[in-house]
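This report refers to the structure that appears directly beneath it.
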Amino acid sequence: MKRDGILHAGLSGALARLGHTDRVVVADCGLPIPDGPELIDLAFRFGVPSFLEVVDGLLAEAVFESALVAGEMDSGNPMIAKALIERLGEPERVQHEEFKSLVADSRLVIRTGEATPYANVILRCGVPF
1 MKRDGILHAG LSGALARLGH TDRVVVADCG LPIPDGPELI DLAFRFGVPS FLEVVDGLLA
61 EAVFESALVA GEMDSGNPMI AKALIERLGE PERVQHEEFK SLVADSRLVI RTGEATPYAN
121 VILRCGVPF
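Numbered according to UniProt numbering, the sequence shown spans residues 1 to 129.
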């Protein structure tokens, strides 16, 4: 058994299959998930696991070169917006409707138990060198 890191077998395998520029969505439990991307549903109950717990776990396991959020996050969920800037730098912003359409072009969606508005981010995979 693994000592640390991500223990969820599906998520661990999905991360191992990602390549440079692939997109990963970390989503609250209310974001509509289209058919297409692989879905890892971690939601256990409202708030568990939290959006930031999942983001922090991913940042410890993988390299991401950019982030994209809905512009409405700044006013609709300023706590999450500030936390993402602290972790990832300034993200690109698009309108929420455009954000939702970009989810379909992502390789992987990770659904969290977060139940607050706009707790969603699209991360673009980087390389460790």
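For every residue, glycine included, the Cβ atom is placed at its ideal position computed from N, Cα and C.
- Contiguous alpha helix (DSSP H) elements confined to the region 35-63 occur at 51-61, taking only those with 4 or more residues.
- Taking C-beta atoms under 8 angstroms as the contact rule, Leu108 and Glu61 fail to qualify, at a distance of about 13 angstroms.
- Within the DSSP bridge table, the entry for Cys29 names no partner.
- One alpha carbon belongs to Ile122, the other to Leu88, and they sit about 11 angstroms apart.
- For the pair Ile6 and Gly13, the Cα-to-Cα distance works out to about 10 angstroms.
- A straight-line Cα-Cα distance of about 23 angstroms links Leu84 and Pro37.
- The distance from the Cβ of Val54 to that of Val26 is about 5 angstroms, consistent with a contact at the 8 angstroms cut-off.
- Nearest C-alpha to Leu68 among Gly10, Leu11, Asp4 and Tyr118: Tyr118.
- Bounds of any alpha helix (DSSP H) do not take in Glu90, whose DSSP letter is neither H nor E.
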